[in-house]
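Asks:
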Amino acid sequence: MKNHILNLVSVLFFAGTLLMGCSSTTPLVIKRIDYHKPEVVRTRRYDPSKISSLLVIQPEKDLSFEKSKENATGVQKTILASGKDEYVSYIESLLLKKGYTVISDDILAKKKDLEPYRLQSGERIVEKNVVLSQSELATKFGKESGADAILKINKLKAKQDVVYYIYYIDDDKWEELADKASWEKEKEYLDENSIAYCLNEEYLLEFVIDVEINDIETGNILAKGSAILSTRNVMPDDYQAFMENDTCRKSKENFQIQKYVSLKTMDVQIKELITNIMTNLVDEK
C-alpha cells in the first residue's frame, strides 16, 4: 500500500487523460491554491509538562479500500488511505523522540470482549447490549494502561480527486467543471449542438490530518490540530500544460508537473506537515 501511494505521489498526482479528437496548442492553466498553515488550538487546561505518556488511538474506520465516485471513464478509482501504516508509525516515532511513552491502542482490542459498565455509588453496574467505540474504550480503560492522556487520530489519509476540464475549440478556451455530472451534462449539450470540444480529466491528491489530545478521565478535548495539503498547494503560480499540435493529446515534454514544483516528494512534505502539527500540539511553550 505504501509503495502504491509513493508511486502515485512521486509523479505528483497527474495521471491519465480522456481526450477526443481536435486540434489545439492553447495551454491548460491549472490554478494554484494558497496553502493554509496548520491550525492548532489549545485549551487553558492543557499543560503538556504534566503529560509523559500518551495512548494513541487510530482512526476507527478503515479507509484503505474506500472508493471514490466513478470517474469519466466509468472506472472506480481507489482512495488511498493510511491505517496503522507509515504515517501513524511516523507520529509514534515523533512522540518517542520527544520523550513520550507511547501506548498503542492495540491493548484495547481485548477490552472489546468485556461487558461495558457504569459506576453507581462506587460499584460497577454492567450495561448489556452496549458496544463501545475505541474512544469510549480509551476513556474507560485508558488509566489502566498508565497513559496520562489520549492522542486521538481522527483523520490521516490521502484522497485522490478528479478535476474535469473542457476545451472549446471555436472559443479557444478551457473551462473547469464543478463535478462529473456537470462535465457529462456539458458534453451532452456540445454533442447535440455539434460544437467542437476536447475533454480532459486530471487526478489531484489531497492529504488530510486531524488529531486531538483528550483528557484521560473525561475524554474532553484539551488540544486539537488539523491541516490539508494538496497538489494545488505545491504548484507554481504560472503552471501551464500544453497539448500536442493537431492531436489533442498531452505533450509528454510539457505536461509533467514535476518539472515545475519543488524537488521534494509529496511524502517528504506530508511528513513535514505532520511534524509541524505534532510539535505545536505536544511541545511545551
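Start counting the sequence shown at 247; every next residue gets the next number (the numbering used here). The C-beta atom is built at its ideal place from N, Cα and C for all residues, glycine as well.
Nearest-angstrom Cα distance between Pro294 and Asp407?
Replies: When rounded, the distance between both Cα atoms is 37 Å.
Asks: Quick check on Thr289: does DSSP put it in helix, strand or coil?
Replies: Three-state DSSP puts Thr289 in coil, outside helix and strand.
Asks: Per DSSP, what kind of secondary structure is Gly388 in: helix, strand or coil?
Replies: Note: Gly388 maps to helix in three-state DSSP.
Asks: Does Met524 come within less than 9 Å of chain D when only Cβ atoms are used?
Replies: Here chain D cannot be found, since the structure has a single protein chain.
Asks: Can you give me the Cβ contacts of Asn479 inside the same chain, cut-off strictly under 8 Å, excluding the 5 residues immediately before and after it?
Replies: For Asn479, where only same-chain residues beyond five positions count, the Cβ hits under 8 Å are Arg278, Ile279, Asp280 and Tyr281.
Asks: Check each candidate in Ser298, Tyr411 and Pro305 and name the one with the smallest Cα separation from Tyr346.
Replies: Checked all of Ser298, Tyr411 and Pro305; the closest Cα to Tyr346 is Ser298.
Asks: Could you give the first and the last residue of the continuous beta strand (DSSP E) run that contains Gln406?
Replies: Element bounds for Gln406: Ala395 to Tyr414.
Asks: The beta strand (DSSP E) spanning Glu598 covers which residue range?
Replies: Residue 598 is absent from the model: the chain starts at 247 and stops at 531.
Asks: Evaluate the contact criterion for the region 415-422 versus the region 435-453: three or more CB pairs, one atom per stretch, below 8 Å.
Replies: Touching, yes.
Asks: At the level of alpha carbons, what is the spacing between Met512 and Ile520?
Replies: Going by the C-alpha atoms only, they are around 12 Å apart.
Asks: When the Cα of Leu475 is compared with those of Ile516, Tyr336 and Thr464, which residue comes out closest?
Replies: Comparing Cα-Cα distances from Leu475 to each of Ile516, Tyr336 and Thr464, the minimum goes to Ile516.
Asks: Given this structure, state the Cα-to-Cα distance separating Pro284 from Ile399, to the nearest angstrom.
Replies: One C-alpha to the other measures close to 15 Å.
Asks: For Ala427, which of helix, strand or coil comes out of DSSP?
Replies: In this structure, Ala427 counts as helix in the three-state DSSP scheme.
Asks: I'd like to confirm the pairing. Which residues does DSSP put opposite Val348 in its beta bridges?
Replies: Beta-bridge pairing links Val348 to Leu300.
Asks: Hey, Leu450 and Val409 are a contact pair by Cβ (cut 8 Å); roughly how many whole angstroms apart?
Replies: Indeed, because the Cβ distance is near 6 Å, the residues count as touching under 8 Å.
Asks: Is Glu530 helix, strand or coil by DSSP?
Replies: Reduced to three states, the DSSP call for Glu530 is coil.
Asks: What is the DSSP secondary structure of Tyr333, reduced to helix, strand or coil?
Replies: The answer is helix: DSSP assigns Tyr333 an H, G or I state.
Asks: In whole angstroms, give me the CA-to-CA distance for Glu382 and Lys419.
Replies: Their Cα atoms are separated by approximately 54 Å.
Asks: In the DSSP assignment, what are the bridge partners of Ser295?
Replies: Per DSSP, none; premise fails for Ser295.
Asks: So, helix, strand or coil for Ile467, using DSSP?
Replies: Reduced to three states, the DSSP call for Ile467 is strand.
Asks: Take the Cβ of Asn224 as the centre, count every other Cβ of all protein chains shown within 10 Å, and call the residue buried at 16 or more, exposed below.
Replies: Residue coverage of the chain in this structure runs from 247 to 531, which leaves residue 224 outside it and unanswerable.
Asks: What does a CB cutoff of less than 6 Å around Val221 pick up in its chain, not counting 5 residues either side in sequence?
Replies: Any answer about residue 221 is impossible in this case: the structure gives the chain only from 247 up to 531.
Asks: Distance, Cα to Cα, Leu402 vs Ala424?
Replies: If I take the Cα positions, the gap works out to 26 Å.
Asks: Is DSSP giving Asn446 helix, strand or coil here?
Replies: DSSP places Asn446 in strand when its eight states are reduced to three.
Asks: Compute the distance between the beta-carbons of Leu300 and Asp394, then report whether it is under 9 Å.
Replies: Yes; because the gap between Cβ atoms is below 9 Å, this pair is in contact.
Asks: Tell me whether Ala473 is buried or exposed, calling it buried when 16 or more other Cβ atoms sit within 10 Å of its Cβ.
Replies: Buried.
Asks: Am I right that Ile455 and Ile523 are in contact with their C-beta atoms under 8 Å? What's the rounded C-beta distance?
Replies: At roughly 6 Å, the Cβ-Cβ gap stays under 8 Å, so Ile455 and Ile523 are in contact.
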